[in-house]
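Colleague:
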Ligand SMILES: Nc1ncnc2c1ncn2[C@@H]1O[C@H](COP(=O)(O)OP(=O)(O)OP(=O)(O)O)[C@@H](O)[C@H]1O
Ligand SMILES: [Mg+2]
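Residue numbers (my numbering), protein chains in the order written: chain L, 159 to 440; chain A, 28 to 269.
1) With DSSP collapsed to three states, give me the class of residue 374/L.
2) Less than 8 Å between CB atoms is the rule here; does residue 318/L satisfy it with respect to chain A?
3) With a CB to CB cut of under 6 Å and the five nearest residues on each side skipped, what residues in its chain are close to residue 250/A?
4) With a 10 Å radius around its C-beta and 16 neighbouring C-beta atoms as the bar for buried, classify residue 381/L as buried or exposed.
5) Name the chain L residues whose beta carbon is nearer than 7 Å to that of residue 83/A?
6) Which whole runs of the beta strand (DSSP E) in the segment 44-123 of chain A are 3 residues long or more, in chain order?
7) What residue does the beta strand (DSSP E) around residue 239/A start on, and which one ends it?
8) Helix, strand or coil for residue 246/A? Go by DSSP, reduced to three states.
9) For residue 430/L, I'd like the list of residues in its chain whose CB is within less than 7 Å of its CB, leaving aside the five on either flank, ordered along the chain.
10) On a CA-only basis, which of 182/A, 232/A, 190/A, 146/A is nearest residue 210/A? Give me that one, please.
11) Less than 8 Å between the C-beta atoms of residue 425/L and residue 343/L, yes or no?
12) Using the beta-carbon of each residue, which ones in chain L are nearer than 9 Å to residue 130/A?
13) Helix or strand or just coil, what does DSSP make of residue 437/L?
14) Between residue 418/L and residue 377/L, which are expected to be in contact by the criterion C-beta below 8 Å, what is the C-beta distance as a whole number of angstroms?
15) Have a look at residue 229/A and residue 155/A and give me their C-alpha separation to the nearest angstrom.
16) Roughly how far, in whole angstroms, is the beta-carbon of residue 193/L from the beta-carbon of residue 371/L, given that I think they are within contact range, below 8 Å?
17) On the premise that residue 375/L lies in contact with residue 172/L, defined as a C-beta separation below 8 Å, what is that separation, rounded to the nearest angstrom?
18) Buried or exposed for residue 310/L, please, with buried defined as at least 16 other CB atoms from any protein chain shown within 10 angstroms of its CB.
19) If we ignore side chains and look at the alpha-carbon of each, how far apart do residue 333/L and residue 108/A end up?
20) For the segment 235-268 of chain L, enumerate the residues whose C-beta is nearer than 9 Å to any C-beta of chain A, in chain order.
21) Quick check on the DSSP output: the alpha helix (DSSP H) that includes residue 147/A runs from which residue to which?
22) Starting from residue 138/A, find everything on chain L with Cβ-Cβ shorter than 8 Å and list it in chain order.
23) Would residue 437/L count as contacting chain A if we go by Cβ distances under 8 Å?
24) Starting from the Cα of residue 200/L, find the closest Cα among 271/L, 247/L, 227/L and give me that residue.
25) How far does the beta strand (DSSP E) with residue 224/A in it extend, from its first residue to its last?
26) Shortest alpha-carbon distance to residue 387/L belongs to which of 162/L, 177/L, 161/L?
27) Cβ closer than 7 Å: which chain L residues qualify as neighbours of residue 162/A?
28) To the nearest angstrom, how far is the alpha carbon of residue 187/A from that of residue 150/A?
29) Less than 7 Å between C-beta atoms, sequence neighbours within five positions excluded: which residues of the same chain meet that for residue 43/A?
30) Does DSSP classify residue 167/L as helix, strand or coil?
31) For the segment 106-119 of chain A, list every residue whose C-beta sits within 8 Å of some C-beta in chain L, in sequence order.
32) From the beta carbon of residue 342/L, is the nearest beta carbon of chain C less than 8 Å away?
33) Residue 295/L lies in the alpha helix (DSSP H); which residues open and close that run?
34) Return yes when at least one heavy atom of ligand 2 lies under 7 Å from the C-beta of residue 326/L, else no.
35) I'd like the span of the beta strand (DSSP E) that includes residue 414/L, first residue to last.
36) Quick one: grab the DSSP three-state call for residue 130/A.
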């Protein structure tokens, strides 16, 4: 059960990262910082403004998407056509800058994010789960479903998929590629922020929390195959469950190691990802 | 077929364009009048595709003028050029392989806002191309080459263009499918859409066209009524294999 809680948020992180990579060919090292941003946005909403949990998650998505869109528009758009190394370096710069900004604003002390749920676990037959975690799981599932609807059922999503498959021909159809890039980056960053807002109250919020999250996101993307949306979803769930099992059966100290063992095994035997198919982004 | 007279729908004047240091167009002049079917022939690398790409805004012209329907379109975004009424059916078909047939057709109408008319057009196009109608939910990448060509043409039609650019529509297709494709292009023109077509198969193209242009290294070296070009010695030797 806890595996699914983690897995759902890992999937959100992974979907965001894989979209950005698949569509824009940008390795987004700052992805984890949008996760951190989301956690602090949730903290501000819940502790500062006294809003509800859903409002906190929505607020985090809006913050993440706005800052993500701005980052793309200001830093990445002028670099379109540059090599993947150049944009990677820029994103490493953004990572460092954002993390220090967070340190400056919020201080280095970890914050516990208040949430409105009772701490008594709910007992459903053989499983007991904290109401907060149940809620996190439900919201993560809802956001994953919303992402799929956006990508597969809207005109914007169709244009995103077309751009991914053949950007030049998409331009010929009248798609403004630059705008698609901005929207994709905003969308991916919004999802990362949502993940931060969801997991923040489960754990703690601190400025470097995004580093581990970014590692998890990269693991999920590698598991699922670059640019593969269902792959990222399944990869996220798988990683969450594997970590939980590893922590339960081996030792909780090895929680984070479990994921990386899986990655190494996957890379050795299925280098293009567990769920590699022809189709990507979609 | 005779060429209609009157002012040109599309004019290119002294157009230059390059890919970085590689010059592709070097002073190109060309005109297409309303209702005409004009074909552009030339050897590999002559700049035929680049000409069409410059018209549809994919390749920015560094110098010269491109005028469509009295309006300068050089330097506009592809989206605006499409909205002005020029659709480009690219070389190699370029259907979106992991979108369904329906989604590909919807992409053709991406710039249109008249939703109801788009839905009507979708039905009409499917009536017109029964092969596509049977495969609307199928991924375009699973279609045969001929079917993909039909889809590429139908997708371009979804924009309701006044001028259609075709880049080597016969490329890689079986002879019977080539015939079907050319039949469809003739039909499109008969219904009032002006056509500018690039073709390797110079004989078939010139037989169908009103006028033709011959291109070499980025400029026009010969032009005239299609029948005259078919009879021209240089054209016969260089492009008709006789
Ligand atoms: N993307 C590109 N980058 C660099 N050079 C290019 C590119 N596309 C075309 N060229 C060059 O521009 C010139 C014109 O190419 P273009 O594709 O327009 O020729 P074409 O007449 O369509 O040839 P083909 O019959 O082979 O399709 C050629 O010298 C070609 O090498
Ligand atoms: Mg060509």
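Even glycine gets a Cβ: it sits at the ideal position worked out from N, Cα and C. Note that the structure is predicted; figures quoted are calculated from it, not measured.
Modeller: Reading it off the structure:
1) Looking up residue 374/L in the first chain gives position 216. The answer is helix: DSSP assigns residue 374/L an H, G or I state.
2) Sequence index remark: in the first chain, residue 318/L carries index 160 (1-based). It does not: the Cβ of residue 318/L has no partner Cβ on chain A nearer than 8 Å.
3) Position 223 of the second chain, counted from the first residue, corresponds to residue 250/A. Apart from sequence neighbours up to five positions away, the residues of its chain that approach residue 250/A with a beta-carbon distance below 6 Å are 240, ordered along the chain.
4) As a working mapping, residue 381/L is identified with position 223 in the first chain. The residue is buried, with at least 16 neighbouring Cβ atoms inside 10 Å.
5) Taking the first residue of the second chain as 1, we reach residue 83/A at position 56. Contact annotation for residue 83/A against chain L: 330 [CB-CB distance below 7 Å, chain order].
6) 49-59, 64-69, 90-95, 113-116
7) Your numbering for residue 239/A matches position 212 in the second chain. Here the beta strand (DSSP E) through residue 239/A covers 238-243.
8) Mapped onto the second chain, residue 246/A falls at position 219. Residue 246/A: strand per DSSP, three-state reduction.
9) By one-based count along the first chain, residue 430/L stands at place 272. Excluding positions up to five away in sequence, the list reads 383.
10) The sequence position of residue 210/A within the second chain is 183, counting from 1. Answer by Cα proximity: 232/A.
11) As a first step, residue 425/L must be located in the first chain, where it is residue number 267. As a first step, residue 343/L must be located in the first chain, where it is residue number 185. No.
12) Counting from one through the second chain, the residue named residue 130/A turns up at place 103. Ordered by position in chain L, the residues that pass the 9 Å Cβ test against residue 130/A are 316, 319, 320.
13) What you label residue 437/L is simply residue 279 of the first chain in a count that begins at 1. Confidence is the limiting factor: at residue 437/L the pLDDT is only 49, short of 50, which leaves the residue's position unreliable, though a coordinate-based value still follows. Coil, per DSSP.
14) Here the question's residue 418/L lines up with position 260 in the first chain. Here the question's residue 377/L lines up with position 219 in the first chain. Right, their Cβ atoms sit about 7 Å apart.
15) Mapped onto the second chain, residue 229/A falls at position 202. Mapped onto the second chain, residue 155/A falls at position 128. Between residue 229/A and residue 155/A, the C-alpha separation is close to 27 Å.
16) Here the question's residue 193/L lines up with position 35 in the first chain. Here the question's residue 371/L lines up with position 213 in the first chain. About 4 Å separates the Cβ atoms of residue 193/L and residue 371/L, confirming a contact at the 8 Å cut-off.
17) Within the first chain, numbered from 1, the residue matching residue 172/L stands at position 14. Within the first chain, numbered from 1, the residue matching residue 375/L stands at position 217. Taking a contact as a CB-CB distance under 8 Å, the pair residue 172/L and residue 375/L counts as one, their CB atoms being some 5 Å apart.
18) Within the first chain, residue 310/L is the residue found at index 152, counting from 1. With fewer than 16 Cβ atoms within 10 Å of its Cβ, residue 310/L is classed as exposed.
19) Translated into the one-based positions of the first chain, residue 333/L becomes position 175. Translated into the one-based positions of the second chain, residue 108/A becomes position 81. Going from the Cα of residue 333/L to the Cα of residue 108/A covers about 12 Å.
20) none
21) Against the second chain, residue 147/A aligns to sequence position 120. Looking at the DSSP string, the run of the alpha helix (DSSP H) that includes residue 147/A is 142-155.
22) On the second chain, residue 138/A is found 111 positions in, with the first residue counted as 1. Going along chain L in sequence order, the residues near residue 138/A (Cβ under 8 Å) are 331, 332.
23) To locate residue 437/L, count along the first chain from 1; it is residue 279. Residue placement at residue 437/L cannot be trusted, given a pLDDT of 49 that sits under 50; what the coordinates show is reported in the next sentence. So, interface residue.
24) Residue mapping note: residue 200/L aligns to position 42 of the first chain, counting from 1. Selected option, being the one with the closest Cα: 271/L.
25) The residue you call residue 224/A lines up with position 197 of the second chain. Run containing residue 224/A: 221-225, per the beta strand (DSSP E) assignment.
26) Mapped onto the first chain, residue 387/L falls at position 229. With distances taken between Cα atoms, residue 387/L lies closest to 177/L.
27) Position 135 of the second chain, counted from the first residue, corresponds to residue 162/A. The premise fails here: residue 162/A is roughly 17 Å from chain L at the closest Cβ pair, so nothing lies under 7 Å.
28) In the second chain, the residue the question calls residue 187/A occupies position 160. In the second chain, the residue the question calls residue 150/A occupies position 123. Cα to Cα, the separation comes out at about 14 Å.
29) Along the second chain, one-based indexing puts residue 43/A at 16. The answer, listed in chain order, is 52, 53, 54, 88, 89, 90, 91.
30) The residue given as residue 167/L occupies position 9 in the first chain. If DSSP states are grouped into helix, strand and coil, residue 167/L belongs with the helices.
31) 106, 109, 110, 115, 117
32) Considering every chain present, this structure includes no chain C. Its protein chains are L and A.
33) Residue mapping note: residue 295/L aligns to position 137 of the first chain, counting from 1. Note, residue 295/L: alpha helix (DSSP H), 289-311.
34) To locate residue 326/L, count along the first chain from 1; it is residue 168. No, since every heavy atom of ligand 2 falls outside the 7 Å radius drawn around the Cβ of residue 326/L.
35) The residue labelled residue 414/L in the question sits at position 256 within the first chain. Per DSSP, residue 414/L belongs to no beta strand (DSSP E); it is in the alpha helix (DSSP H), 413-427.
36) Numbered from its first residue, the second chain carries residue 130/A at position 103. Three-state result, residue 130/A: helix.
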